[in-house]
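Okay, so here's the structure we're looking at.
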Amino acid sequence: MEKNQLELDIGELIRLLWQQKIMIVAITFIFAVASVLFAISKPNLYKSEAVLFPVTDNTPSSTVGQLGGLAALAGFGSQDSSKQAIALESLRSRVFLGAFIERRDILIPLMAIEHWDAATGKVYIDPEIYDESTSTWTRVVSDGKTPKPTILEATKVLNELLVIDSNKTSGSTIVSLTNQSPVLAKQWLDWLISDLNEWMKNKDINQAKNNIQYLEKQLNLTNLSEMQNVFYQLIEEQTKKLMLAEAQENYIFDIIDPPVVPEEKDSPSRAIICVLGTLIGGILSIIIALIRIAITRKNA
Numbered sequence: 001m002e003k004n005q006l007e008l009d010i011g012e013l014i015r016l017l018w019q020q021k022i023m024i025v026a027i028t029f030i031f032a033v034a035s036v037l038f039a040i041s042k043p044n045l046y047k048s049e050a051v052l053f054p055v056t057d058n059t060p061s062s063t064v065g066q067l068g069g070l071a072a073l074a075g076f077g078s079q080d081s082s083k084q085a086i087a088l089e090s091l092r093s094r095v096f097l098g099a100f101i102e103r104r105d106i107l108i109p110l111m112a113i114e115h116w117d118a119a120t121g122k123v124y125i126d127p128e129i130y131d132e133s134t135s136t137w138t139r140v141v142s143d144g145k146t147p148k149p150t151i152l153e154a155t156k157v158l159n160e161l162l163v164i165d166s167n168k169t170s171g172s173t174i175v176s177l178t179n180q181s182p183v184l185a186k187q188w189l190d191w192l193i194s195d196l197n198e199w200m201k202n203k204d205i206n207q208a209k210n211n212i213q214y215l216e217k218q219l220n221l222t223n224l225s226e227m228q229n230v231f232y233q234l235i236e237e238q239t240k241k242l243m244l245a246e247a248q249e250n251y252i253f254d255i256i257d258p259p260v261v262p263e264e265k266d267s268p269s270r271a272i273i274c275v276l277g278t279l280i281g282g283i284l285s286i287i288i289a290l291i292r293i294a295i296t297r298k299n300a
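As numbered in full-length UniProt numbering, residues 1 to 300 make up the sequence shown, in order.
Below, the structure is given as C-alpha cells:
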C-alpha cells in the first residue's frame, strides 16, 4: 500500500512539474545562455612551469666546524635548508616582487593586459587602463588611488599568478606562473627564477663582505695570537664563500625542468562552466516550480 502510494506521489509530482515545464525550460535556458556568455567572456590563461632543485652548498665548512660555537655565534655557519626556505618566501615577498616588477619593467602588461592574439602573438593593452599612444594611465579609480597602479597593487596581482609547490620528500619545488600570453608566462617565470638566484647570491655576497670587514676589524683589536688565528681562519672561510658565490650562476636553485611556452590553455574549462551553469539553472527552476506548486495547493 505504501509502495503504491509512493508511486502515485512520484507520478503526481512529475505531472505537476510537467505543468510547470515552460517555466522550468525558460529558467534553465536563461542560465545555459548566461553560462555560455560568461565562459566566452573569460580569457584563456596559459601556465608555464619549472621544476627546481636546491643547490648543494659547496662552501668549505671544515674550519667553521672546528670553530663550532664561535662561528655559529657569529652567524657564519650556513644551512642549506634555511637558505632555500628563505628563497621561497622571498619569491612571494613584496620586496622581491616589487623590485622584480620595476627591474623587468612589466607594470603595464601586468596591470593593463586586455588579451593575447594567438594568430599574431601580440599582447593588446586595455586602453581604458593604459593609453599607449600617450603613454598615460587612464583607469578610473576611487578610494584615493591613483590612475597608475602602485607597486603594492602590482605585487598582489603578480602573487595571484604565481604558484609554488614544494615536495618535502624529494626536495624539489614546482613553480608555475599563469598569464593570458603563453610567451609572457614563460618569459616572466624565466626572469623570476634568474632574479631569485641573483637576489639570494647578492644577499650572501653582501653578508660575506660584511663578515670579512667585521672580522678584520676584530683582528686589529686583539694581540692574542690564538684569537688572531681564529679570525684568520674565519676570514679565509668567508673569502672562500664570497668567491664561490660570485662564481655560481644558479646560486640557490638548479633548474631541472625549465619553463617552456605552453601550447594549450590551462583555464578556463568552458565546457564545465556551461554544464554547471545549466545544471544550476535546472535545479533552481525545479525548486521554484515546487514552491509554486506548494503555494497553489495550500491556497486551493
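Where a beta carbon is used, it is the ideal one built from N, C-alpha and C, also for glycine.
This structure is a prediction, so every number in the text was calculated from the model and none was measured.
*What residues match up with residue 195 in a beta bridge as DSSP calls it?*
By 1-based counting over the sequence shown, the position of residue 195 is 195. In DSSP, residue 195 forms no bridge with anything.
*Excluding sequence positions up to five away, which residues of its chain have a Cβ less than 7 Å from the Cβ of residue 157?*
As a working mapping, residue 157 is identified with position 157 in the sequence shown. Excluding sequence neighbours, residue 157 sits near 110, 111.
*Is it buried or exposed for residue 171, if we count other Cβ within 10 angstroms and need 16 for buried?*
Against the sequence shown, residue 171 aligns to sequence position 171. Exposed, because fewer than 16 other Cβ atoms sit within 10 Å of the Cβ of residue 171.
*asked:* Whole angstroms are fine: how far does the CA of residue 102 sit from the CA of residue 83?
replied: To locate residue 83, count along the sequence shown from 1; it is residue 83. To locate residue 102, count along the sequence shown from 1; it is residue 102. Distance between the alpha carbons of residue 83 and residue 102: 25 Å.
*What are the start and end residues of each continuous beta strand (DSSP E) run of 3 or more residues lying completely inside the UniProt domain "Tyrosine-protein kinase G-rich" (227-292), in chain order?*
253-257
*For residue 132, which three-state DSSP category applies?*
As a position in the sequence shown, residue 132 is number 132, starting the count at 1. Residue 132 falls in the coil class under three-state DSSP.
_Determine whether the beta carbon atoms of residue 27 and residue 279 lie at a separation below 8 Å._
Sequence index remark: in the sequence shown, residue 27 carries index 27 (1-based). Sequence index remark: in the sequence shown, residue 279 carries index 279 (1-based). No. Outside cutoff.
*At least three beta-carbon pairs within less than 8 Å, the stretch 216-225 to the stretch 131-139*: no
*Fully enclosed by the stretch 24-60, which beta strand (DSSP E) runs are 3 residues long or longer?*
46-54
_With a threshold of 6 Å on Cβ separation, who are the neighbours of residue 178 within its own chain once the five nearest residues in sequence on each side are excluded?_
The count along the sequence shown starts at 1 and reaches residue 178 at position 178. The answer, listed in chain order, is 45, 47, 161.
_Completely contained beta strand (DSSP E) runs for the stretch 156-212, where each covers 3 or more residues_ = 162-166, 173-179
*Please report the Cβ distance between residue 197 and residue 250, rounded to the nearest whole angstrom; I am assuming they are in contact, meaning their Cβ atoms lie under 8 Å.*
The residue given as residue 197 occupies position 197 in the sequence shown. The residue given as residue 250 occupies position 250 in the sequence shown. Residue 197 to residue 250, Cβ: 5 Å. Contact.
_Nonlocal neighbours in the same chain, by C-beta distance under 7 Å from residue 209, ignoring five residues either side_ = The residue labelled residue 209 in the question sits at position 209 within the sequence shown. Within the same chain, residue 209 has close Cβ partners 242.
_Check whether the stretch 288-297 and the stretch 13-27 are in contact - that is, three or more C-beta pairs closer than 8 Å._
yes
*In terms of residue numbering, what span does the alpha helix (DSSP H) encompassing residue 101 cover?*
Against the sequence shown, residue 101 aligns to sequence position 101. From DSSP, the alpha helix (DSSP H) with residue 101 extends over 94-104.
_Close beta carbons around residue 184, own chain, < 6 Å, minus the five adjacent residues each side_ = The count along the sequence shown starts at 1 and reaches residue 184 at position 184. Nothing listed; no residue qualifies.
*Rounded straight-line distance, which links the Cα of residue 180 to that of residue 124*: Reading the sequence shown from its first residue, position 124 is the one you call residue 124. Reading the sequence shown from its first residue, position 180 is the one you call residue 180. Rounded to whole angstroms, residue 124 to residue 180 spans 10 Å at the Cα level.
_Once DSSP output is grouped into helix, strand and coil, what is the label at residue 145?_
Mapped onto the sequence shown, residue 145 falls at position 145. Correct three-state label for residue 145: coil.
*Under a three-way DSSP split, which group does residue 126 fall into?*
Translated into positions along the sequence shown, residue 126 becomes position 126. Note: residue 126 maps to coil in three-state DSSP.
_For residue 127, count the other beta carbons within 10 Å of its own beta carbon; 16 or more makes it buried, fewer makes it exposed. Which is it?_
In the sequence shown, residue 127 corresponds to position 127, counting from 1. Exposed, because fewer than 16 other Cβ atoms sit within 10 Å of the Cβ of residue 127.
*Mind checking which residues open and close the alpha helix (DSSP H) that includes residue 110?*
Taking the sequence shown and counting its residues from 1, one reaches residue 110 at position 110. Residues 107-112.
*So, is residue 289 buried or exposed, given that buried needs 16 or more other C-beta atoms within 10 angstroms?*
Along the sequence shown, one-based indexing puts residue 289 at 289. The residue is buried, with at least 16 neighbouring Cβ atoms inside 10 Å.
*Evaluate the contact criterion for the stretch 220-239 versus the stretch 257-273: three or more CB pairs, one atom per stretch, below 8 Å.*
no
_Nearest-angstrom Cα separation, counted from residue 286 out to residue 20_ = Mapped onto the sequence shown, residue 20 falls at position 20. Mapped onto the sequence shown, residue 286 falls at position 286. The alpha-carbon atoms of residue 20 and residue 286 are separated by roughly 9 Å.
_Proximity below 8 Å, CB of residue 91 to CB of residue 164_ = Locating residue 91 in the sequence shown gives position 91, where the first residue counts as 1. Locating residue 164 in the sequence shown gives position 164, where the first residue counts as 1. Against a cut-off of 8 Å, the Cβ pair of residue 164 and residue 91 comes out as a contact.
*For the putative contact between residue 215 and residue 166, defined by C-beta atoms under 8 Å, what is the C-beta separation to the nearest angstrom?*
Translated into the one-based positions of the sequence shown, residue 215 becomes position 215. Translated into the one-based positions of the sequence shown, residue 166 becomes position 166. Not confirmed; about 35 Å, so no contact.
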